[in-house]
Amino acid sequence: MNIIKKKCIEVPIEKCRILVNVNPVELFVLDSVSVDVSRSSKKILISNLPPSLSEEVLLDKLELFFSKSKNNGEEVESREYLSDMRSVILTFAKEEDPMLDLKLPISSPYICQV
Numbered sequence: 256m257n258i259i260k261k262k263c264i265e266v267p268i269e270k271c272r273i274l275v276n277v278n279p280v281e282l283f284v285l286d287s288v289s290v291d292v293s294r295s296s297k298k299i300l301i302s303n304l305p306p307s308l309s310e311e312v313l314l315d316k317l318e319l320f321f322s323k324s325k326n327n328g329e330e331v332e333s334r335e336y337l338s339d340m341r342s343v344i345l346t347f348a349k350e351e352d353p354m355l356d357l358k359l360p361i362s363s364p365y366i367c368q369v
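Following our numbering, the numbering of the sequence shown begins with 256 at its first residue and continues without gaps.
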C-alpha cells in the first residue's frame, strides 16, 4: 500500500493540523492449527492522535481527509477507533491505495485548542 511509505501525514482537524503516523495493519490468519501474519493491502493504522478530540470527530475528519480526491484519496469502506491506543484503522474500498503521491507538509505533532 503506497500511503504507508509516507509514515507521517499532516491532517487538518477542526482549527488545527495534527501529525499522524501511518503504519500497515498486520492480520493474523488462523489456518487449522497454524497462525500466519500478513499485511493488509486495504487497511492503514493512523496513530499519534490527540486525546482532546472526541472519537466521532476524529473518525469523521480522518475519513473525510483520506477520501478526498484533492488528497489523492479514495473511498473509505470502514473505520475503527482503538481507544486504548488512541489510533484509528481505516479500511479502503479498493485493494490498491492511490495515496502514494500524497505530498503533505510535515510539521510538529498536534498543537490544538478545542
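Quick reminder that beta carbons are idealized off the backbone N, C-alpha and C, glycines included.
Nearest neighbour of residue i, chosen from the options [CA to CA]
i	options	result
Asn-276	Lys-297, Ser-302, Lys-270	Ser-302
Leu-300	Lys-349, Ala-348, Ser-307, Lys-262	Lys-262
Val-266	Ser-293, Leu-313, Asn-278	Leu-313
Ser-338	Cys-271, Glu-310, Ser-324	Glu-310
Val-280	Val-343, Ile-264, Cys-271	Val-343
Beta-carbon contacts of residue i that lie in its chain and below 6 Å, excluding the five residues immediately before and after
i	result
Ile-268	Lys-316
Leu-282	Ser-293, Ser-295
7 Å CB neighbourhood of residue i in its chain, flanking five on each side removed
i	result
Ser-333	Thr-346
Buried or exposed by the 16-neighbour rule on C-beta atoms within 10 Å, applied to residue i
i	result
Lys-298	buried
Leu-308	buried
Chain-order list of residues whose beta-carbon lies under 8 Å from that of residue i (same chain, five-residue window excluded)
i	result
Met-340	Ser-302
Glu-318	Val-331, Arg-334, Leu-345
Ser-322	Gly-328, Glu-329, Glu-330, Val-331
field: Any alpha helix (DSSP H) of 4 or more consecutive residues that is wholly inside the region 271-357
entry: 310-322
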